[in-house]
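To start, the structure under review is shown below, and the notes come after it.
Number of protein chains: 2
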Amino acid sequence: MGASKTDEYSQQQISLAAMFKALGHPARVAIIQFILKAESCICGDIVNELPLSQPTVSQHLKELKSAGIIQGNVEGNAICYCLNDKTVKLLKDYFGSLIDQIQLKNSNCC
Amino acid sequence: MGASKTDEYSQQQISLAAMFKALGHPARVAIIQFILKAESCICGDIVNELPLSQPTVSQHLKELKSAGIIQGNVEGNAICYCLNDKTVKLLKDYFGSLIDQIQLKNSNCC
DNA sequence: TTTCTATATTGCAATATTACGATATTATTT
DNA sequence: AAATAATATCGTAATATTGCAATATAGAAA
Chain S
13 MGASKTDEYS QQQISLAAMF KALGHPARVA IIQFILKAES CICGDIVNEL PLSQPTVSQH
73 LKELKSAGII QGNVEGNAIC YCLNDKTVKL LKDYFGSLID QIQLKNSNCC
Chain C
13 MGASKTDEYS QQQISLAAMF KALGHPARVA IIQFILKAES CICGDIVNEL PLSQPTVSQH
73 LKELKSAGII QGNVEGNAIC YCLNDKTVKL LKDYFGSLID QIQLKNSNCC
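Quick look at the structure:
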């Protein structure tokens, strides 16, 4: 009869997946890197940096924002996008805990 | 004239995005967690644990594997899937470096 | 060699993502 | 109040993902 199926996914699973999904496109990884590299984090020129149109970049920014990876700040006419350090820390800790769990069970069949 | 567009994405950006994309689905996050939780890492019963058909689980496993998140080991009739600790460490370090970079530039406009 | 068990592949329908031109919005400057 | 500049939204075409039933494959057991 086997184990019973979990009817759905946990909230943590859903929310983690949403963050990873947001990061799962080269353009969005590039946006993250550009935000970190840029002198100030006034980031309207992401559009100039990426090989994509303005609407497309705007859409990618929206996805990063709604997943909580970045935050936007209205700065006069422009908008300043920055990384959400709380989310980044959460993700770092998540992978840290995975490593801990891997090391705990040293029944390594692979 | 503004900055010139990067013609394409870097290999690092593409490869990071592929790993995140592989993790960007609740079923695949659940698979990771199950592999870690399970007594041994003989994992045919992932199918019994998840609310998905066997072909669908197999497909998710394939995606995780080809992104280098997990590895599969033939074990007689069954296959044992385990996390690739090298990849997990790489991702942990990636977020660690993001945090470092955030802290370096304390010109926080957000 | 036949049967059984575990996993993978194929084919396909439903849905989601990606990208962009056109247009809307909002704040600034004139 | 225009005109300008920066960003967002809409509509839509092309493509990719998700999920499953049906089927294939490969090893173990009989």
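Line by line, the protein sequences are chains S and C. By our numbering, the letter at position 41 of the first sequence is numbered 53, and the numbering carries on one by one without gaps. By our numbering, the letter at position 88 of the second sequence is numbered 100, and the numbering carries on one by one without gaps. Where a beta carbon is used, it is the ideal one built from N, C-alpha and C, also for glycine. No experiment lies behind these values; they were computed from the predicted model shown.
Going along chain C in order, which residues have a C-beta closer than 7 Å to the C-beta of residue i?
i, result
"lysine 101 (chain S)", "Ile111"
"isoleucine 91 (chain S)", "Those within 7 Å of isoleucine 91 (chain S) in chain C number zero; the least Cβ separation is about 10 Å."
"proline 38 (chain S)", "Tyr21, Gln25, Ile26 and Ala29"
"lysine 104 (chain S)", "Lys104, Phe107, Gly108 and Ile111"
Using 9 Å as the threshold, is the C-beta distance between residue i and residue j below it?
i, j, result
"isoleucine 82 (chain C)", "leucine 103 (chain C)", "no"
"valine 41 (chain C)", "alanine 29 (chain S)", "yes"
"alanine 79 (chain C)", "tyrosine 21 (chain S)", "no"
"leucine 48 (chain S)", "leucine 76 (chain S)", "no"
"lysine 33 (chain S)", "phenylalanine 32 (chain C)", "yes"
"isoleucine 114 (chain C)", "aspartate 97 (chain S)", "yes"
Please compile the residues from chain S whose C-beta is within a distance smaller than 7 Å of the C-beta of residue i.
i, result
"glutamine 71 (chain C)", "Chain S residues near glutamine 71 (chain C): none, gap ~16 Å exceeds 7 Å."
"valine 41 (chain C)", "Gln25, Leu28 and Ala29"
Measure the alpha-carbon distance for residue i versus residue j and round it to whole angstroms.
i, j, result
"serine 65 (chain C)", "asparagine 60 (chain S)", "45 Å"
"isoleucine 43 (chain C)", "isoleucine 91 (chain S)", "38 Å"
"asparagine 89 (chain S)", "alanine 50 (chain C)", "53 Å"
"glutamine 23 (chain C)", "phenylalanine 46 (chain S)", "15 Å"
"tyrosine 93 (chain C)", "glycine 108 (chain S)", "20 Å"
"proline 63 (chain C)", "valine 69 (chain C)", "9 Å"
"isoleucine 111 (chain S)", "lysine 117 (chain S)", "10 Å"
"proline 67 (chain C)", "aspartate 105 (chain C)", "33 Å"
"histidine 37 (chain C)", "histidine 72 (chain C)", "9 Å"
"glycine 84 (chain C)", "glutamine 25 (chain C)", "25 Å"
"serine 27 (chain C)", "serine 27 (chain S)", "22 Å"
Run through chain C and tell me which residues come within less than 8 Å of residue i, C-beta to C-beta.
i, result
"leucine 48 (chain S)", "Leu110, Gln113, Ile114 and Lys117"
Name, please, each residue of chain S whose Cβ falls closer than 8 Å to the Cβ of residue i.
i, result
"leucine 76 (chain C)", "What leucine 76 (chain C) touches in chain S: nothing, since even the nearest Cβ is about 12 Å away."
In chain C, which residues lie with their C-beta within 9 Å of the C-beta of residue i?
i, result
"lysine 33 (chain S)", "Phe32, Lys33, Leu35, Gly36 and His37"
So, at 6 Å on beta carbons, what are the nonlocal neighbours of residue i in its own chain, with the 5 sequence-adjacent residues on each side left out?
i, result
"threonine 18 (chain S)", "Interpretation of threonine 18 (chain S) is limited by its pLDDT of 48, a score under 50 that renders its predicted location unreliable; the figure taken from the coordinates is listed afterwards. Excluding positions up to five away in sequence, the list is empty."
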